[in-house]
Amino acid sequence: MSIFRRDRGGPGRVSVQVAAERTGHGDGGADAVLLDVREPYEWQAGHAPRAVHLSLSALAAGAGLPSRAQARPLIVICRSGNRSRQAAELLVARGSEAVDVIGGMRDWAAAGLPVVDARGGNGAIA
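Sequential numbering from 99 applies to the sequence shown in our numbering.
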């Protein structure tokens with residue numbers, strides 16, 4: 099049984115709070131991987147700790163998932179939720195269990211969840 103709820107037959111959508119809990123950024127343990135599909139410059143400026151990066155453009159070009167994201171439920175995030183929705187659809191079509199995060203990294207940061215830059219310092223959403 100899926101840990102994710104689907105809407106209208108497509109990939110499900112989750113709030114940043116659910117994403118944080120499921121990926122180990124809240125009080126519970128991680129049962130899913132946070133997959134950030136933004137472009138490299140966005141990732142370097144600021145991303146969630148422990149997230150895995152694979153840009154939507156690379157995914158759409160056929161790139162495989164990073165090893166930490168293989169055979170795991172995926173919670174896909176971008177800046178606002180548009181690219182992550184596309185990525186989740188691609189991933190589900192390829193047989194992965196994936197949902198996207200409503201509001202993306204903008205809502206993640208607005209909720210006070212951690213954001214780090216490429217060096218591990220305080221990050222910003224680009």
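C-beta atoms are modelled at their ideal positions from N, C-alpha and C, and glycine is treated no differently.
Just so it is clear, the structure is predicted and the values come from calculations on it, not from any experiment.
Backbone CA spacing between residue i and residue j [nearest angstrom]
i	j	result
Ile175	Val190	15 Å
Arg183	Arg177	11 Å
Ile69	Asp205	The chain is shown from 99 up to 224; residue 69 falls before or after that span and cannot be answered.
8 Å Cβ cutoff met for residue i and residue j
i	j	result
Pro164	Leu152	yes
Leu133	Leu188	no
Val135	Arg181	yes
Pro109	Ala169	no
Ala167	Val150	yes
Close-in-space but distant-in-sequence residues of the same chain around residue i (CB under 8 Å, 5 per side omitted)
i	result
Ser155	Glu137
Ala128	Arg120, Thr121, Gly122, Arg148
Contacting residues, own chain, Cβ-Cβ under 7 Å from residue i (five flanking each side not counted)
i	result
Gln142	Asp215, Ala216
Cβ shell of residue i (< 6 Å), same chain only, five flanking positions each side left out
i	result
Glu140	Ala224
His145	Asp134
Say whether the region 194-203 touches the region 111-119, bearing in mind that this needs 3 or more beta-carbon pairs closer than 8 Å, one atom from each stretch.
Taking a cut-off of 8 Å on C-beta distances, the region 194-203 touches the region 111-119, as three or more cross pairs fall below it.
Any 3 or more C-beta pairs closer than 8 Å across the region 205-217 and the region 116-126:
yes
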